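Numbering (the numbering used here), first residue to last: 1 to 430. Structure first, commentary second.
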């Protein structure tokens, strides 16, 4: 059930059959345009209609916003073990993200009388989009909510689709409550993005939206990027498990299956130069997939047969080249030399090393943020952090001595570029 492929060059060229499923939002854009315009003109009424159409839920009686009674019910319904797990994970996420906060450093004097500096301030508002497609994702609530709160965003709103009963997932509500977020709307899809961009009679618009979503959510964010910051793009899950020689095949097999079980559009690859390990891992995967739920079995089997598999290289260096060319969302380095190998990795959203480089640990409770760049975007983008909820202003200060030093420079340069007011203003102050 696991394809075995051979790399095509020492430069890490990716075999043609290793593929990311195209999740281009182009085809979804036409549908989204109609949804967006309907929400813009009809507001809440359109949200109720689309929730009935797409989620098969009538929100007329319970309303769009989750009430205090539902938060209380979620606390009551959730098991003590799950609540404790959420609290532990949130504590680690908070600790790690708190140390990410940049400080306003003292202004530096770049030359006598000229000072430059940076000032960091939180966004005024943000919408956190928590999906609910093939399951509930309280972990996404934690990964988005904690850095938003740590950054000091004044108004934090959550949008998440309702379940068949019209209720929001209990664990998601408990996570929001633990983080300190109480504004949750039971809406999803392109209609939720439109509501956050334009606002409605009951929903105040936000300045940015962050969080993973389906192709319609992605398309709506692109279409509305002139109204709301669409945040980092997100696509199907993907991983590479890089194995050195002599790795435990059972451990490697489970790591390969972790991201493969997310959905049929996922991509999971194990890359190694140890040919003896290849067949061992393939056999282990065949046995372990039988232990998974039927739905996850189907996803994992399809992914490893069609999108991913095992790639055999000629050396560790070639395996590293493959990783850097692919730029995976998740990278697990299974090697006693992980501390050395990590220094050679340039392109990956997340890199796990050590004795327990289990992708699940990063997804939930280590403290790392699991909202990561996908689709090769790790070439240029980073994981979600407090910086996604902050903005930086440049601050400058010039005294008489400094003006004397740079005034003529500005006058000469602005004249050369043809800006009259620029040089005349400087000459006026002289």
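Just so it is clear, CB atoms sit at the ideal spot from N, CA and C, and this is done for glycine as well. Computed from a prediction, not measured in an experiment: that's the story for all the values here.
* Asked: How about residue 269 and residue 235: do their beta carbons lie closer than 8 angstroms?
  -> no
* Thinking residue 370 and residue 2 are a contact (beta carbons under 8 angstroms), I'd like their distance in whole angstroms, please. => The Cβ separation is near 25 angstroms, so there is no contact.
* Asked: What separation, rounded to the nearest whole angstrom, lies between the Cα atoms of residue 98 and residue 428?
  -> 47 angstroms
* **Beta-carbon proximity check, residue 172 vs residue 130, cutoff 8 angstroms** => yes
* Asked: Thinking C-alpha only, which one of 209, 174 and 303 is nearest residue 137?
  -> 174
* Asked: From residue 345 to residue 263, what does the alpha carbon distance come to, in whole angstroms?
  -> 27 angstroms
* Minimum C-alpha distance to residue 387 - residue among 190, 100 and 181 -> 100
* Using 8 angstroms as the threshold, is the segment 271 to 279 in touch with the segment 361 to 379, meaning 3 or more CB pairs across them? -> no
* Asked: Touching or not, the segment 134 to 154 and the segment 415 to 426, by the rule of three or more beta carbon pairs under 8 angstroms?
  -> no
* Once you ignore the five residues that flank residue 320 on each side, which residues in its own chain have a CB closer than 8 angstroms to its CB? -> 12, 242, 341, 344 and 345
* To do: Measure from the alpha carbon of residue 62 to the alpha carbon of each residue in 187, 274 and 90, then state which is nearest.
  => 187
* Asked: So the beta strand (DSSP E) residue 332 belongs to, where does it begin and stop?
  -> 330 to 334
* To do: Return the CA-CA distance between residue 238 and residue 412, expressed in angstroms with no decimal places.
  => 53 angstroms
* **Best match in 354, 406, 372 and 77 for proximity to residue 383 [C-alpha to C-alpha]** => 372
* To do: Spell out a yes or no on whether the segment 298 to 315 and the segment 34 to 46 are touching, meaning 3 or more CB-CB pairs, one atom from each, closer than 8 angstroms.
  => no
* Rounded Cβ spacing between residue 52 and residue 44 (contact assumed at less than 8 angstroms) -> Actually they do not touch by this definition, with Cβ atoms about 13 angstroms apart.
* Since residue 126 is in the alpha helix (DSSP H), which residue starts that stretch and which ends it? -> Per DSSP, residue 126 belongs to no alpha helix (DSSP H); it is in the beta strand (DSSP E), 125 to 129.
* Determine the closest residue to residue 72 out of 182, 41 and 119, with distance taken between C-alpha atoms. => 182
* Leaving out five residues before and five after residue 402 in sequence, what residues of the same chain have Cβ atoms less than 6 angstroms from its Cβ? -> 113 and 114
* Contact under 8 angstroms by Cβ, residue 229 with residue 246 -> no
* **Secondary structure, alpha helix (DSSP H): runs of 4+ residues fully inside the segment 134 to 220** => 138 to 151, 170 to 179 and 189 to 198
* Asked: Would the segment 121 to 129 and the segment 146 to 159 be scored as touching if the rule is three or more Cβ pairs under 8 angstroms?
  -> yes
* To do: Give the DSSP-derived three-state secondary structure of residue 232 in the structure shown.
  => coil
* Straight-line CA distance for residue 4 to residue 267? -> 14 angstroms
* By the 10 Å Cβ neighbour count, where 16 or more other Cβ atoms means buried, how is residue 88 classified, buried or exposed? -> exposed
* Nearest-angstrom Cα separation, counted from residue 193 out to residue 258 -> 30 angstroms
* Asked: For residue 389, which of 55, 120 and 205 has the nearest alpha-carbon?
  -> 120
* DSSP beta-bridge partners for residue 108? -> 116
* Asked: Taking Cβ to Cβ, would you say residue 331 is nearer than 8 angstroms to residue 351?
  -> yes
* To do: Could you name each continuous beta strand (DSSP E) segment of 3 residues or more that falls completely within the segment 324 to 407, going from the start of the chain to the end?
  => 330 to 334, 350 to 352 and 390 to 398
* Asked: What's the call for residue 116, buried or exposed, on a 16-neighbour Cβ count within 10 Å?
  -> exposed
* **One or two residues paired with residue 5 in a DSSP bridge** => 311
* **Distance CB(residue 184)-CB(residue 210) smaller than 8 angstroms** => no
* Thinking just about the alpha-carbon of each residue, which of 336, 195 and 347 is nearest to the one in residue 353? -> 336
* Asked: So what does residue 240 bridge to, in DSSP terms?
  -> 269 and 331
* Asked: Exposed or buried, residue 431, counting other C-beta atoms within 10 Å across all chains shown (16 or more means buried)?
  -> Beyond the ends of the chain as shown, which are 1 and 430, falls residue 431; an answer cannot be given.
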